[in-house]
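Undergrad: Counting from 1, one number per residue, gives the positions in the sequence shown under UniProt numbering.
Backbone N, C-alpha and C define an ideal beta-carbon position, used for all residues, glycine too.
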Amino acid sequence: MESRDLIALNQMVFYAYHGVYDSEKELGQRFIINFKAELDYEQAAVNDDLEQTVNYGEVYIKIEEIFKAKKYNLLESAAYNIIKGLFINFPSLEFIEIEIKKPAVPIEGVLADAAIKMSRKRTEVI
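(1) Out of curiosity, what's the CA-to-CA distance linking L6 and Q43?
(2) Mind checking whether V54 and L93 have CB atoms under 9 angstroms apart?
(3) What I want to know is whether the C-beta of E58 ends up closer than 8 angstroms to one or more non-hydrogen atoms of the ligand NAD.
(4) Could you work out which residue in G19, I96, A8, M12 is closest to E65 when comparing CA atoms only?
(5) Give the range of the beta strand (DSSP E) segment to which K101 is assigned.
(6) Specify the secondary structure class of F14 as computed by DSSP and reduced to three states.
(7) Decide yes or no for the touch test of the stretch 103 to 112 against the stretch 34 to 41: beta carbon pairs closer than 8 angstroms, at least 3 of them.
(8) Once the 5 residues before and after Y60 are set aside, which same chain residues still bring their CB inside 7 angstroms of it?
(9) Using only the alpha-carbon positions, how far apart do E26 and R4 sit?
(10) Just reading off the beta strand (DSSP E) that I116 is part of, what are its end residues?
(11) Helix, strand or coil, according to DSSP, for L50 in the structure here?
(12) Within the continuous alpha helix (DSSP H) that includes N81, where are the two ends?
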């Protein structure tokens, strides 16, 4: 069986101004982002060395930076840009999955949130 090393950042909460409707872009709302990635961090584990893996704090900062850089109409576009930016900034990442949840979705009805999930291999984006 092939080994898979994973890292994750769960339930990151950001306030941003995304959505199709003008009111969403003016008032903003909370979004919840989950991040998962595959990379080979065996050497980091063996050597107990942060330089041989990905710094979670730096990943968090980059996700927030990309997510807040502009007002996206679609969460799909935001997710794609986050994935692309992470691949550019973190060469050791091989596969990324981003889930974005929108708790205050403008739908008449009762639901916890609307969400999108996108995953890409490095070769599919760059």
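TA: This is what the structure holds:
(1) 14 angstroms
(2) yes
(3) Of ligands this structure carries none, so the ligand NAD is not represented either.
(4) M12
(5) 95 to 102
(6) strand
(7) no
(8) L9, M12
(9) 42 angstroms
(10) 114 to 121
(11) helix
(12) 75 to 89
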